[in-house]
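Participant: Chains as they are written, first to last, in numbering that gives the first Met the number 0: chain A, 0 to 479; chain B, 0 to 98.
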Amino acid sequence: MDIGSLTIDQVRDGLRARKFSSVELATASLQFAREENPKTSAYLTFAEDRALEAAGRVDEKLARGEDPGPLAGVPVAVKDVIVTKGLRTTCGSKLLASYIPPYDATAVERLEAAGGIIVGKTNCDEFAMGSSTENSAFGPVRNPHAPDRVPGGSSGGSAAAVAQGTAVVALGSDTGGSIRQPASFCGVVGVTPTYGRVSRYGLTAFASSLDHIGPFGRCVRDAALLLQVIAGRDPLDSTSAEAPVPDYLAHLDGDVKGLKLGLPREYLRDLTSETGDLIAQAVDSLKKLGCEVRDISLPATDYAIDCYYVIATAEASSNLARYDGVRYTFRSSSSATLSDMYRNTRGEGFGAECKRRIMLGTYVLSSGYYDAYYLKAQKVRSLIARDFTNAFAEVDAIVAPVSPFPAFKIGEKIDDPLAMYLSDIYTITGDLAGVPCMSVPCGKTAEGLPVGMQILAKHFEETRMFRLADAFERAGGAHG
Amino acid sequence: MKITEEEVRYVADLANLKLTEEEVRKFQADLDEILVHVDRLKEIDTSNVEPMAQVLYEAEETATLRPDRERPGLGSKLALANAPLSGAGYFKVPEVIKR
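#1: Compare the beta carbon distance of I295 of chain A and V401 of chain A with 9 angstroms and say whether it is the shorter of the two.
#2: Interface residues of chain B around S4 of chain A at Cβ under 7 angstroms?
#3: How many angstroms separate the CA atom of T462 of chain A from the CA atom of K91 of chain B?
#4: Does R68 of chain B come out as helix, strand or coil in the three-state DSSP assignment?
#5: Is any beta-carbon of chain A found at less than 9 angstroms from that of P71 of chain B?
#6: For a cutoff of 9 angstroms on Cβ pairs, would you count N142 of chain A as touching chain B?
#7: Quick check: P449 of chain A and S183 of chain A, are their CB atoms within less than 9 angstroms of each other?
#8: Which residues does DSSP pair with M452 of chain A in a beta bridge?
#9: Distance check for P405 of chain A and S237 of chain A, CA to CA, integer angstroms please.
#10: Alpha carbons only, please: which of A:R33, A:I116, A:R87 and A:Y102 is nearest the one belonging to A50 of chain A?
#11: Is V309 of chain A close to chain B? Criterion is C-beta to C-beta, closer than 9 angstroms.
#12: To the nearest angstrom, how far is the alpha carbon of A53 of chain A from that of V75 of chain A?
#13: For chain E, check one thing: does any of its Cβ atoms lie closer than 9 angstroms to the Cβ of R65 of chain B?
#14: Are any of the Cβ atoms in chain A nearer than 9 angstroms to that of T19 of chain B?
#15: Provide the residue span of the alpha helix (DSSP H) that contains D58 of chain A, from first to last.
#16: Beta strand (DSSP E) containing R293 of chain A: first to last residue?
#17: Please tell me whether A14 of chain B has its Cβ less than 9 angstroms away from any Cβ of chain A.
#18: Could you tell me the alpha carbon to alpha carbon distance between L77 of chain B and L319 of chain A, rounded to whole angstroms?
#19: Classify P71 of chain B as buried or exposed, calling it buried when 16 or more other Cβ atoms lie within 10 Å of its own Cβ.
#20: At a CB-CB cut-off below 7 angstroms, which residues of chain B make contact with D305 of chain A?
#21: Under the rule that 16 or more other beta-carbon atoms within 10 Å means buried, what is E34 of chain A, buried or exposed?
#22: Residues of chain B with CB under 7 angstroms from T361 of chain A, in chain order?
#23: Grab the span of the beta strand (DSSP E) containing S316 of chain A for me, first residue to last.
#24: Can you tell me where the alpha helix (DSSP H) with T165 of chain A in it begins and where it stops?
#25: Quick one: is G447 of chain A buried, meaning 16 or more other Cβ sit within 10 Å of its Cβ, or exposed?
#26: So what does DSSP say about L478 of chain A, is it helix, strand or coil?
#27: In this structure, what does DSSP give as the bridge partners for P74 of chain A?
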């Protein structure tokens, strides 16, 4: 058994054929994850007891001849902004370095009910704010393909864990590209579902109108199955959708003949030449599969970054107000008054990027600026969503690059916030419109750095997106 | 210039965020650069556009409302478990009002 390349199907078959037990697999996975972790720092916490207990339950069910669930025995890594009852959840922040949540996120509850085994919690940018995982209070994550480079962010630990093989699948969160961009940098599949498809209950809030939980996998099938398990209405998140969850796997039939795809010209302007070449080859390979690819325009794209950094920071400044030293573990040690305690706790506890975003968000919401920034940005957001509605009247799906460039060097952009923000230029539009989107590996640069292709579809049309991604993957990506 | 150091201090105060003088200088430069970029929003005509108050999908207006039923809360012991300081079933904080 090559533990680093296991798929969900292989885990299921192996358990059924009694090649290994769930406890044996969990033990081996944890040992492998511990051995590999110094290379990447993908994990912040290992969940030994919880994993072995869950695996024991799977083995008992198998012994009794019961169905152990669609994720039975599958090692899963969970981004550390998603709360796990009794298991430390830091959000990559000094403020929550010792925080033990009193409840499980709905996505966590569902994946464990399906037999999934949580092996650990993964490193990320503080409160999911960043594009490189360098903003973690616990040190950066390294890209498994190039240790001097970032894995992307903010779900860099989850992407790296799946890429290095220490988990079969992982949960991440995406507010402006935090699943797709690291998936693309690490050469794995990453999915941002339709807004409302997965409950946000237990996802530490960054920007509530933009936050999504989504899956990572080494293949489309695995990511689709994890989404299947966690998707669906949850009364504990009133923005979660009632829409029934289709059987995603039943539609992975490779048949994409006649599918109309749009290639938005605004997404092709600032690509490095290698990323541009790989996307062009990917388009050729999609045409060979029988898709019809046409040039389209999403004109409001040019304003997406500005729109996003107003709305996301405004919501963040409000959501992060709760970290004031009263309820959540960290409190500045010497403050004479309540007001000093708030100010000192937040000043000492938050890292630079969180402070910058709290400041920007507070500024754009402050008296006299609301109309010029927040209201204006909400109107531009409508235009960005309208672009997608118009495009999907003509095409079945949109294909685009995920990022203008492959993984950059650790330290390269950390002192230039605007340059860092611009690395999300092609991913934030999907979040702003709330449409499902994903990154699927498309090839590597001469240096061996992975590049991802993005697929976007209409609200709740994950099925079509997965079918296309799966067909593309089977055909060998851009080199097919 | 879009924002001055004095405004940075004012905003930090609104956000209950204690900043060092070095941070004030750094954030003035950072925020200024970002706000200049964000100013591009003014270029786009939104005169007949409604703000996007929430992410919409086709559903009835009341589709996502749950019945307002009582359910058990966390309980004070669990709720206080992560508090830096607590006592007698309450969160403890520095003095608010002088006796």
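Even glycine gets a Cβ: it sits at the ideal position worked out from N, Cα and C.
Facilitator: For this structure:
#1: Indexing the first sequence from 1 puts residue 295 of chain A at position 296. Indexing the first sequence from 1 puts residue 401 of chain A at position 402. No. Outside cutoff.
#2: The residue you call residue 4 of chain A lines up with position 5 of the first sequence. Those do not exist, as S4 of chain A stays about 37 angstroms from chain B at its closest Cβ, beyond 7 angstroms.
#3: Indexing the first sequence from 1 puts residue 462 of chain A at position 463. Indexing the second sequence from 1 puts residue 91 of chain B at position 92. Looking at the two C-alpha atoms, the distance is approximately 51 angstroms.
#4: Working through the second sequence from its first residue, we reach residue 68 of chain B at position 69. Reduced to three states, the DSSP call for R68 of chain B is coil.
#5: Within the second sequence, residue 71 of chain B is the residue found at index 72, counting from 1. Closer than 9 angstroms: no.
#6: Indexing the first sequence from 1 puts residue 142 of chain A at position 143. Not closer than 9 angstroms to any Cβ of chain B, the Cβ of N142 of chain A fails to qualify, so no.
#7: Residue 449 of chain A sits at position 450 when you count from the first residue of the first sequence. Residue 183 of chain A sits at position 184 when you count from the first residue of the first sequence. In contact: P449 of chain A and S183 of chain A (Cβ atoms closer than 9 angstroms).
#8: Residue numbering aside, residue 452 of chain A sits at position 453 when the first sequence is read from its first letter. Answer by DSSP bridge pairing, in chain order: A:P400 and A:V439.
#9: Start at 1 with the first residue of the first sequence, and residue 237 of chain A comes out as number 238. Start at 1 with the first residue of the first sequence, and residue 405 of chain A comes out as number 406. Rounded to whole angstroms, S237 of chain A to P405 of chain A spans 37 angstroms at the Cα level.
#10: Locating residue 50 of chain A in the first sequence gives position 51, counting from the first residue. Checked all of A:R33, A:I116, A:R87 and A:Y102; the closest Cα to A50 of chain A is A:I116.
#11: Counting from one through the first sequence, the residue named residue 309 of chain A turns up at place 310. Closer than 9 angstroms to some Cβ of chain B, the Cβ of V309 of chain A qualifies, so yes.
#12: Against the first sequence, residue 53 of chain A aligns to sequence position 54. Against the first sequence, residue 75 of chain A aligns to sequence position 76. Distance from the CA atom of A53 of chain A to the CA atom of V75 of chain A, rounded to whole angstroms, is 12 angstroms.
#13: Chain labels in this structure do not include chain E; the protein chains are A and B.
#14: Start at 1 with the first residue of the second sequence, and residue 19 of chain B comes out as number 20. Interface residue, yes.
#15: For the purposes of this step, residue 58 of chain A is taken as the residue at position 59 of the first sequence. Taken as a continuous stretch (DSSP letters only), the alpha helix (DSSP H) holding D58 of chain A covers E47 to A62.
#16: For this step, residue 293 of chain A is matched to residue 294 along the first sequence. Counting along the chain, the beta strand (DSSP E) containing R293 of chain A begins and ends at E291 to I295.
#17: Numbered from its first residue, the second sequence carries residue 14 of chain B at position 15. For A14 of chain B, the answer is yes, since a Cβ of chain A falls inside 9 angstroms of its Cβ.
#18: As a position in the second sequence, residue 77 of chain B is number 78, starting the count at 1. As a position in the first sequence, residue 319 of chain A is number 320, starting the count at 1. Straight-line measurement puts the Cα of L319 of chain A at about 21 angstroms from the Cα of L77 of chain B.
#19: If you number the second sequence from 1, residue 71 of chain B lands on position 72. P71 of chain B should be labelled exposed.
#20: Counting from one through the first sequence, the residue named residue 305 of chain A turns up at place 306. Within 7 angstroms Cβ-Cβ: H36, V37, R39 and L40.
#21: For the purposes of this step, residue 34 of chain A is taken as residue 35 along the first sequence, with counting starting at 1. That one is exposed.
#22: Position 362 of the first sequence, counted from the start, is the residue given in the question as residue 361 of chain A. The contacting residues are V10, L13 and A14.
#23: In the first sequence, counting from the first residue as 1, residue 316 of chain A sits at position 317. For S316 of chain A, there is no enclosing beta strand (DSSP E); the residue is found in the alpha helix (DSSP H) stretching over A303 to N318.
#24: Here residue 165 of chain A is taken as the residue at index 166 of the first sequence, counted from 1. Unbroken run through T165 of chain A: none, as it is neither H nor E.
#25: Translated into the one-based positions of the first sequence, residue 447 of chain A becomes position 448. Flag for G447 of chain A reads exposed.
#26: Position 479 of the first sequence, counting from 1, holds the residue named residue 478 of chain A. The sequence given here places His at residue 478 of chain A; Leu does not occur at that position. H478 of chain A: helix per DSSP, three-state reduction.
#27: Working through the first sequence from its first residue, we reach residue 74 of chain A at position 75. Beta-bridge pairing links P74 of chain A to A:I116.
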